[in-house]
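Shown next, in structure tokens, is the structure this report addresses.
Protein chains: 2
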Amino acid sequence: MTDFSLDSRLEADTIPIGDLHLSRVLLMNDAQFPWVILVPRRAAMREIIDLAPKDRAALYREIESVSEALQRLFSPTKLNVAALGNMVAQLHVHVIARFEADAAWPKPVWSMGARVPYTPEAAKACAEALSVALGRL
Amino acid sequence: MTDFSLDSRLEADTIPIGDLHLSRVLLMNDAQFPWVILVPRRAAMREIIDLAPKDRAALYREIESVSEALQRLFSPTKLNVAALGNMVAQLHVHVIARFEADAAWPKPVWSMGARVPYTPEAAKACAEALSVALGRL
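If you read the protein sequences in the order shown, they are chains V and W.
Heads up: the first sequence at position 9 corresponds to 9 in the numbering used here, and the numbers run straight through without jumps.
Heads up: the second sequence at position 137 corresponds to 274 in the numbering used here, and the numbers run straight through without jumps.
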């Protein structure tokens, strides 16, 4: 197995928050939605079912942790959890806090054309709040 | 806790395949995509993290079973797995086989406007194939 390296598009589109036991935790650089991406640090994974059973279990726990952190921090109307990967094949899971007043509601966030990047200060504050909520990554 | 009853919109949009241990298994009535929906048979659930830990574990196993069945039957380019629920709040998980030649690729299937209903024969054949692949529901 080769070493894990983060897909360049995921790297370009996100702000790093830290690492959980299995996954790299990224904040999507789009101020319209509190939007976390989990990337299991395993090489050559495309599907959740490509992961070894132990890693799957870790991923599910980490999705739950991020879901709970987003609920505590943002009290969203709904969470959206999704592993798509049609654009970026490297296995990654979106966990997004959605609100009835958000820019895409009730459509999925991927229906939006343009992203709205965070200011550097807002990106830092949001990533820090999520890091603390996840046990200080 | 009140009894489980399937959301009327999910019922209208799908063809029943059967029940797994936790979830009702539905075939989305859209011949453009092999598209399964899992609905945990628990009342008043909106988020995966609303489920008791034991039910969460069952849901994850059932998502894996459907993923493997879709891979065996259709050899897709990519699986899409998603719990969104912005339109229908009842907890449900989409598991969709995607292909580079499909009508929405590389966008998510929810970006498509119109669905293309199965013929009755095709719906029966697809639901039956999935039922068998899942151990004859």
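Backbone N, C-alpha and C fix where the C-beta goes; we use that ideal spot for every residue, glycine too.
| query | result |
| --- | --- |
| Helix, strand or coil: which one does DSSP assign to LEU26(V)? | strand |
| Starting from the Cα of ARG190(W), find the closest Cα among LEU164(W), GLN169(W), LEU159(W), ASN217(W) and give me that residue. | Note that residue 190(W) is Pro in the sequence shown here, rather than Arg. If we check each option's Cα against that of PRO190(W), LEU159(W) comes out closest. |
| Name the chain V residues that come within less than 8 Å of PRO243(W), Cβ to Cβ? | ASN86, MET87 |
| How would you write the range of the beta strand (DSSP E) that ARG41(V) sits in, first residue to last? | Where ARG41(V) is concerned, there is no enclosing beta strand (DSSP E), given that its DSSP letter is neither H nor E. |
| Taking GLU205(W) as the query, report the chain V residues whose CB atoms sit under 9 Å from its CB, ordered along the chain. | ILE49 |
| So does ARG98(V) have its beta carbon nearer than 8 Å to some heavy atom of the ligand HEM? | Absent from the structure shown: the ligand HEM. Ligands present: none. |
| Please tell me whether GLU97(V) and PRO76(V) are closer than 9 Å, where the distance is taken between their beta carbons. | Sequence check: residue 97(V) is Ala here, not Glu. Against a cut-off of 9 Å, the Cβ pair of PRO76(V) and ALA97(V) comes out as a contact. |
| Taking a contact to mean a Cβ-Cβ separation below 9 Å, would you say LEU38(V) touches LEU51(V) in this structure? | no |
| Cβ closer than 8 Å: which chain V residues qualify as neighbours of ARG146(W)? | What ARG146(W) touches in chain V: nothing, since even the nearest Cβ is about 12 Å away. |
| What does DSSP give as the partner residue(s) for LEU91(V) in the beta ladder? | Answer is none; LEU91(V) lacks a bridge partner. |
| Would ALA195(W) count as contacting chain V if we go by Cβ distances under 9 Å? | no |
| Unbroken alpha helix (DSSP H) runs of length 4 or more, entirely within the stretch 193-261 of chain W: which are they? | none |
| Measure from the alpha carbon of LEU130(V) to the alpha carbon of each residue in GLU68(V), SER8(V), VAL93(V), ASN80(V), then state which is nearest. | GLU68(V) |
| Looking at the secondary structure, which residues open and close the beta strand (DSSP E) in which ASP156(W) lies? | 151-156 |
| Would you say LEU228(W) and ILE185(W) are within 9 Å of each other, going by their C-beta atoms? | yes |
| Just checking: is the beta-carbon of LEU216(W) within a distance shorter than 9 Å of some beta-carbon in chain A? | The question asks about chain A, but that chain is absent: this structure's protein chains are V and W. |
| Among the candidates ALA101(V), GLU100(V), LYS124(V), ALA133(V), whose CA atom is the shortest distance from the CA of MET28(V)? | LYS124(V) |
| Who are the Cβ neighbours of TRP172(W) in its own chain at under 6 Å, not counting the five residues just before and after it? | MET165, ILE233 |
| Listing by chain order, which chain V residues have their CB less than 8 Å from the CB of GLU199(W)? | Per Cβ cutoff of 8 Å: no residues; GLU199(W) is ~12 Å from chain V at best. |
| Measuring alpha carbon to alpha carbon, tell me which of PRO177(W), ARG183(W), ALA251(W) ends up nearest ARG198(W). | PRO177(W) |
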